[in-house]
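Presented below is the structure to which this report refers.
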Amino acid sequence: MTQLAQEQTSASAPPPWTGPGITGWGLTGMLVVLYLLNASDKAVFGLIAQPLREDLNLSASQIGFTGSLFFLAFTVGGFLAGPINKLLALRWSIALIAVLWGLVMLPLVVWATFAVLLASRMLLGFTEGPTSALLHTAAYSWHPPNKRGLPSGLILTGSMLAKMAVVPLLALIVAEYGWRTAIIVLAAATALWCVPWLLTWRPGPYQVGGKHAVPEDATTEPAVPWLRLLTSKTFVSAVVVAITAYALMSVVLTWLPSYFEQGLGYSRLESGTLFAAPSFVGIATLVGGSWLSDRGVSRGLSTRLVRVVVPCVGVMVAGVLLLSLPLLGSPLLAVIAVSVAYGLVVAIFPLLNAAVIATCPPRQTAGVIGAFFALQAIGGIIGPWSMGIVVDASASKVDGYTAAFQCLGVVGAVAAVAALFLADPLRDRERLRVTR
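Printed below as a string of structure tokens:
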């Protein structure tokens, strides 16, 4: 059965279950809120990086190393999404990891040392690793395959909303009450989210595999060997592009307030507030790009054009913007260039995610998403630490930040060009089913 035929079959499935006060989009909204809190846990490190450096007498390389260790643990944890989805119902697995985020951050509040900082961030990365895959799997159970770009984009906007709404508030909390209070507030908010989640969550009608999934029948696709799924040209090339994009995202999360403060001359409060600037672009590109992508697929446009070519072009444009930073000559223009580049890069994730999922059987959704998100987080391991090393080795802070951003732009553009030649979801889907 072709991809288009399967999408049409899925689209004709019964409408999602609805109960008192609950709909598929309502539950998707709850997942967006949780991803917002998840992104806030990540972003708060960038916000408190300078106060931590001052309190603990840390170097830029140590801060960057801490950020990279977080993403190393995040990568390892991401591979657990598939096994967790088989062992636990999504209701309990998502609530459990949400509670764990808050618990692993709290020791730093009591014992503020570099060793505790490293341990806390690594445990946070490990527990957050499976999160995005599980959240997407939960959302996909309520939306047919040809309409999954928008819900995926909405979930990822949680990261943008965190920087727009939560991070400025956290910046005020840090300025008035210290960085410890910001951590306590985030831990409490995540625990409170679990209450309505446990009371309202129900799985949707679309097959995504895992415990308590929709029952299989004679039309259910058999599984494809994991090695074949994870070595297809579409998966590998999408992962490489995503790694470069994730490197930029992790650098922004870890270093952007420091770049604004030390590199561009803004005050600490201004830097914390400007931290939201890239998110205004990102939320527009995420929602708009995902909606247009779903609309294009539904109207018959090539999946490869919509899910591969468009995001790759976006990464190439972002690379050009980052390369142009030394030519801008204005702090405001630099903020705009980095913000637009960031917005273009974050918009690729729901599109590449949809491209990768298009190659796999529904029952293997969580495992494939988990592997995709885990491997792309390699960019988070490389990005923050490399930025710290470059900044420490440069003649001036602004030169160091600029050189690092330029390197990210070049590597991303090269990876995007390669993916234009290699990635084709429909081709790989047919090959995987014919040769298994």
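Throughout the sequence shown, residue numbering follows UniProt numbering, covering 1 to 436 in sequence.
Glycine is no exception: its CB is placed at the ideal position from the N, C-alpha and C atoms.
Sequence-distant residues of its chain with Cβ nearer than 8 Å to residue i (five each side left out)
i: Asp-424; result: Lys-233, Thr-234, Arg-304, Val-308
i: Ala-187; result: Trp-101, Gly-102, Leu-103, Met-105, Leu-106
i: Ala-284; result: Gly-343
Residue i versus residue j - alpha carbon distance
i: Leu-333; j: Val-317; result: 16 Å
i: Ile-84; j: Asn-353; result: 20 Å
i: Leu-87; j: Ala-418; result: 38 Å
i: Gly-319; j: Ile-173; result: 35 Å
i: Asp-399; j: Ser-120; result: 31 Å
i: Ala-395; j: Gln-406; result: 16 Å
i: Arg-148; j: Pro-222; result: 22 Å
i: Ser-152; j: Leu-322; result: 26 Å
i: Met-185; j: Lys-42; result: In the sequence as presented, Met is not what sits at residue 185; that position holds Val. Val-185 and Lys-42: Cα-Cα distance of roughly 14 Å.
i: Val-110; j: Val-239; result: 38 Å
i: Val-236; j: Leu-422; result: 9 Å
i: residue 467; j: Thr-23; result: In this structure the chain extends from 1 to 436, so residue 467 is not present and cannot be described.
i: Val-214; j: Arg-91; result: Residue placement at Val-214 is flagged as unreliable, the pLDDT there being 49, under the threshold of 50; the coordinate-derived value follows with that caveat. Rounded to the nearest angstrom, the two C-alpha atoms are 15 Å apart.
i: Glu-261; j: Gly-282; result: 22 Å
Backbone secondary structure at residue i - three-state DSSP
i: Trp-142; result: coil
i: Asp-428; result: helix
i: Leu-58; result: coil
i: Leu-106; result: coil
Residue i - containing alpha helix (DSSP H), residue span
i: Val-306; result: Note, Val-306: premise wrong, no alpha helix (DSSP H); not H, not E.
i: Arg-299; result: Taken as a continuous stretch (DSSP letters only), Arg-299 belongs to no alpha helix (DSSP H), as it is neither H nor E.
i: Val-166; result: Where Val-166 is concerned, there is no enclosing alpha helix (DSSP H), given that its DSSP letter is neither H nor E.
i: Lys-147; result: That residue, Lys-147, is in no alpha helix (DSSP H); it is neither H nor E in DSSP.
i: Ala-276; result: No alpha helix (DSSP H) contains Ala-276, which DSSP labels as neither H nor E.
i: Gly-367; result: 365-376
i: Ser-339; result: 331-346
Sequence-distant residues of the same chain with beta carbon closer than 6 Å to residue i, five excluded per side
i: Ser-159; result: Ala-39
i: Ala-413; result: Met-316, Gly-319
Spatial neighbours of residue i in its chain, beta-carbon cut-off 7 Å, leaving aside the 5 residues before and after
i: Pro-384; result: Gly-64, Gly-67, Ser-68, Ser-250, Val-251, Thr-254, Trp-255
i: Tyr-246; result: Gln-376, Ala-377, Gly-379, Gly-380
i: Ser-10; result: In this prediction, Ser-10 has a pLDDT of 38, which is less than 50 and means its spatial position is unreliable; nothing more can be read from the coordinates.
i: Leu-31; result: Leu-135, Ala-138, Ala-139, Ile-155
i: Val-297; result: Asn-146, Thr-303, Val-306
Nearest residue (CA-CA) to residue i, options the options
i: Ala-73; options: Ala-60, Leu-422, Leu-118; result: Leu-118
i: Ser-61; options: Arg-431, Leu-123, Lys-397, Ala-133; result: Lys-397
i: Ala-191; options: Leu-325, Val-33, Arg-433, Ala-374; result: Val-33
i: Leu-58; options: Thr-113, Ala-277, Tyr-342; result: Thr-113
i: Arg-429; options: Leu-199, Arg-228, Trp-201; result: Arg-228
i: Leu-37; options: Ser-132, Thr-75, Gly-282; result: Ser-132
i: Glu-54; options: Ser-258, Gly-204, Thr-127, Phe-70; result: Ser-258
i: Gly-129; options: Thr-200, Pro-168, Val-76, Val-185; result: Val-76
i: Ile-243; options: Val-345, Phe-79, Ile-48, Asp-41; result: Val-345
i: Gly-26; options: Trp-142, Thr-181, Val-410, Ala-366; result: Trp-142
i: Asn-82; options: Ile-382, Pro-362, Gly-388; result: Note that residue 82 is Gly in the sequence shown here, rather than Asn. The candidate whose alpha carbon is nearest that of Gly-82 is Pro-362.
Beta carbon proximity, residue i to chain D, threshold 9 Å
i: Gly-289; result: No chain D appears in this structure, which consists of one protein chain only.
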